[in-house]
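Positions 93 to 239 (my numbering) are the ones given, in order, by the sequence shown. Note that beta-carbon positions come from the ideal geometry of N, C-alpha and C, so glycine has one too.
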Amino acid sequence: MSQVEKTGVQEPGPEIAEDAQRLLDEVDAEIGPEVSETEPETGAEVVAPYDERAAESEADIVTDIIADMVEGLHPALSYDTAVRAQVSHALVPVIQKYGGVWPAWLEPYKEEVGFAIVLGGVAYGSVTAVRNYQPEPAEGAGRGEEA
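If you want it as structure tokens, here you go:
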């Protein structure tokens with residue numbers, strides 16, 4: 093019997109890293125910053141204001157993904173709609189501040205963040221698999237037979 097059949101959870105595989113990188117690439121391609129001007133004194137790029145509806149949508153998605161993952165760790169962890177909305181609402185200004193893209197100071201660490209996301213997914217899948225693991229009973233066990 094395979095691990096998937098025993099626990100109902102598929103063990104994480106190397107395709108997780110590929111999926112995470114593909115997701116990061118898609119996000120970069122889709123929501124690149126709209127540079128409107130350059131700051132005269134420093135020459136730094138100034139990002140145009142980010143659409144509030146887009147920021148709200150992204151905040152809702154991120155909040156739901158994280159809340160669902162955390163709730164899966166233990167039955168005592170539960171976040172109702174009001175708590176999720178509160179977290180999402182607090183995240184909107186952060187997303188708007190950086191124009192929906194990586195902040196410039198975080199750009200040099202993009203690969204490390206991607207690795208942490210992948211590693212977190214593997215760790216989460218591993219914890220779930222261990223928690224749901226049901227060992228097969230030994231032959232003869234539970235039938236009153238003596239060894």
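- Assigned with DSSP and collapsed to three states, T134 falls in coil, not helix or strand.
- Closest by C-alpha distance to A159, out of A182, S170, G212, is S170.
- A contact between stretches requires three or more CB pairs, one per stretch, nearer than 8 Å, and the segment 180 to 189 meets this requirement with the segment 140 to 151.
- Sixteen is the threshold: since fewer than 16 other Cβ atoms of the shown chains lie within 10 Å of the Cβ of A174, the residue is exposed.
- G191 is positioned such that its CB atom lies no closer than 8 Å to that of A146.
- Judged by DSSP secondary structure, A208 falls within the alpha helix (DSSP H) whose first and last residues are 202 to 224.
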